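Everything on this sheet refers to the single structure shown next.
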Amino acid sequence: MRLHVEVTGQGKPLVMLHGWGMHGGIWGDVVTHLATGFEVHNVDLPGHGASEAQGDFTLDSIIEALDAQFGEPVAVLGWSLGGIIAQYWAARSPQKIERLILMASTPCFTEREDWLFGMASEILKQFSTELEKNHAATLRRFLALQVRGSEHERELLAALREQLFSRGEPALPALRGGLEILRDADLRERLPGIKQPTLAIAGQRDKLTPPEASYYLAQVMPNARVVEIEGAAHAPFLSHPDICVAEVIKFLKNTAIENTEITEKCKTELRPSL
Numbered sequence: 000m001r002l003h004v005e006v007t008g009q010g011k012p013l014v015m016l017h018g019w020g021m022h023g024g025i026w027g028d029v030v031t032h033l034a035t036g037f038e039v040h041n042v043d044l045p046g047h048g049a050s051e052a053q054g055d056f057t058l059d060s061i062i063e064a065l066d067a068q069f070g071e072p073v074a075v076l077g078w079s080l081g082g083i084i085a086q087y088w089a090a091r092s093p094q095k096i097e098r099l100i101l102m103a104s105t106p107c108f109t110e111r112e113d114w115l116f117g118m119a120s121e122i123l124k125q126f127s128t129e130l131e132k133n134h135a136a137t138l139r140r141f142l143a144l145q146v147r148g149s150e151h152e153r154e155l156l157a158a159l160r161e162q163l164f165s166r167g168e169p170a171l172p173a174l175r176g177g178l179e180i181l182r183d184a185d186l187r188e189r190l191p192g193i194k195q196p197t198l199a200i201a202g203q204r205d206k207l208t209p210p211e212a213s214y215y216l217a218q219v220m221p222n223a224r225v226v227e228i229e230g231a232a233h234a235p236f237l238s239h240p241d242i243c244v245a246e247v248i249k250f251l252k253n254t255a256i257e258n259t260e261i262t263e264k265c266k267t268e269l270r271p272s273l
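According to numbering that gives the first Met the number 0, the sequence shown is numbered sequentially starting from 0.
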């Protein structure tokens with residue numbers, strides 16, 4: 000499976016993975032700013048944007064495509080579903096991943112008896128049902144959830160809707176597969192084995208992947224820390240792009256020792272609910 004990847008800038012490689020139902024164009028000017036210091040590889044996931052849908056859209060098939068696409072070690076920035084894919088990639092192919100940035104992400108998207116920081120399974124099931132009836136309307140509804148509560152909510156929703164089908168509509172099998180990943184994936188047991196330096200960027204007002212999920216990542220992963228952005232919801236790179244870009248650049252330029260020191264400080268400040 001050959002992925003469509005737009006390459007911009009020069010420097011160490013940084014791979015960017017978008018969220019469910021979207022495409023690489025959603026990053027907008029964030030790519031431009033990051034490309035001033037890095038070689039940015041902006042990926043359209045299979046069946047999204049300009050990447051063709053081939054076979055099943057599963058975590059394993061996506062990682063096989065990413066492994067085939069990238070021969071050298073890379074840093075990875077994954078948003079939402081892209082963050083789940085990034086975690087799985089780091090666990091399955093650790094030699095390929097140098098650093099992780101998990102933006103508004105989680106190890107487990109769906110709420111479970113022992114996991115209270117996810118979406119109710121009934122809501123996700125409803126999305127799956129509605130997807131079969133009208134996938135375009137379902138995607139638009141999902142966009143509204145992503146920006147709910149954020150600063151500049153109306154402007155963000157308009158921007159997301161403008162980008163949604165700017166590279167064509169995603170393939171229905173890929174949308175189904177993405178929802179199945181969100182429903183079924185539970186990477187919590189894999190987290191202690193993900194040893195790469197990791198930055199989790201959380202939106203303070205995120206209703207889909209609440210900040211507690213990011214703090215859990217920092218608690219369980221050996222070398223991770225959290226930046227929580229005040230006033231942001233599920234798309235902090237759109238609502239607060241300057242802060243996100245600055246934090247990503249600072250993290251990618253830090254040494255492993257510096258990052259470990261920050262991690263230990265973060266672990267002493269974890270929320271009591273964890």
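A virtual CB, placed ideally from N, CA and C, is assigned to each residue, including glycine.
No experiment lies behind these values; they were computed from the predicted model shown.
So what does glycine 77 bridge to, in DSSP terms?
According to DSSP, glycine 77 bridges with Leu16 and Leu101.
Could you tell me whether the stretch 236-244 touches the stretch 146-155, using the rule of 3 or more Cβ pairs below 8 Å?
The answer is yes - the stretch 146-155 touches the stretch 236-244, with three or more Cβ pairs under 8 Å.
Separation of histidine 17 from threonine 137, as counted between CA atoms
Approximately 18 Å, taken between the alpha carbons.
Would you mind stating whether proline 209 and phenylalanine 116 have Cβ atoms separated by less than 8 Å?
Yes, the Cβ-Cβ distance between proline 209 and phenylalanine 116 is below 8 Å.
So, is glutamate 268 buried or exposed, given that buried needs 16 or more other C-beta atoms within 10 angstroms?
Per-residue confidence for glutamate 268 stands at a pLDDT of 37, beneath the threshold of 50, marking its modelled position as unreliable; the derived number appears in the next sentence. Under this definition glutamate 268 is an exposed residue.
For arginine 224, name the three-state secondary structure that DSSP assigns.
Taken through DSSP and simplified to helix, strand or coil, arginine 224 comes out as strand.
So, does the stretch 219-238 touch the stretch 175-194, judging by three or more C-beta pairs under 8 Å?
Verdict: yes, contact present.
Would you identify the three-state DSSP class for glutamate 38, choosing helix, strand or coil?
The answer is strand: DSSP assigns glutamate 38 an E or B state.
Tell me, please, which residues DSSP counts as bridged to isoleucine 96.
DSSP, once it has assigned bridges, lists Val73 as partnering isoleucine 96.
Give me the DSSP bridge partner(s) of serine 165.
According to DSSP, serine 165 bridges with Gly167.
If I'm right that glycine 201 touches alanine 52 with Cβ under 8 Å, what's the distance once you round it to whole angstroms?
Glycine is not the amino acid found at residue 201; the sequence shown has alanine there. Approximately 31 Å separates the beta-carbon atoms of alanine 201 and alanine 52; this is outside 8 Å, ruling out the contact.
Reference arginine 140; option with closest CA among Trp19, Trp26 and Arg189:
The closest CA to that of arginine 140, considering only Trp19, Trp26 and Arg189, is found on Trp19.
N- and C-terminal bounds of the alpha helix (DSSP H) containing alanine 201:
Following the DSSP letters along the chain, one finds alanine 201 in no alpha helix (DSSP H) but inside the beta strand (DSSP E) bounded by residues 197-202.
Going straight from the alpha carbon of isoleucine 61 to that of glycine 230, what length do you get?
Roughly 33 Å separates the two Cα atoms.
Given proline 72 as reference, the closest of Lys11, Leu2 and Ser79 once Cα atoms are compared:
Nearest of Lys11, Leu2 and Ser79 to proline 72, Cα basis: Lys11.
Report the residue from Leu186, Arg91, Ile100 and Arg182 whose alpha carbon sits nearest the alpha carbon of phenylalanine 250.
Selected option, being the one with the closest Cα: Ile100.
Going by the beta-carbon positions, is the gap between isoleucine 248 and glycine 36 smaller than 8 Å?
Between isoleucine 248 and glycine 36, the C-beta gap is smaller than 8 Å, which places the two residues in contact.
As a quick exercise: from Leu58, Glu227, Asp113 and Ser92, pick the residue whose alpha carbon is nearest that of glycine 81.
The option with the nearest alpha carbon to glycine 81 is Leu58.
Kindly list the residues whose CB is nearer than 6 Å to the CB of serine 165, restricted to its own chain and excluding five residues on each side of it in sequence; keep chain order.
So the list reads Gly24, once near-sequence residues are dropped.
Residues of its chain near isoleucine 84, where Cβ-Cβ distance is below 7 Å and the 5 sequence neighbours each way are ignored
Cβ neighbours of isoleucine 84 beyond the five flanking positions: Leu16, Leu58, Ile61 and Gly77.
Counting along the chain, where does the beta strand (DSSP E) carrying threonine 7 start and finish?
Note, threonine 7: beta strand (DSSP E), 3-7.
Determine the closest residue to leucine 190 out of Ser213, Val14, Arg182 and Gln125, with distance taken between C-alpha atoms.
Comparing C-alpha distances from leucine 190 to each of Ser213, Val14, Arg182 and Gln125 shows the shortest one belongs to Ser213.
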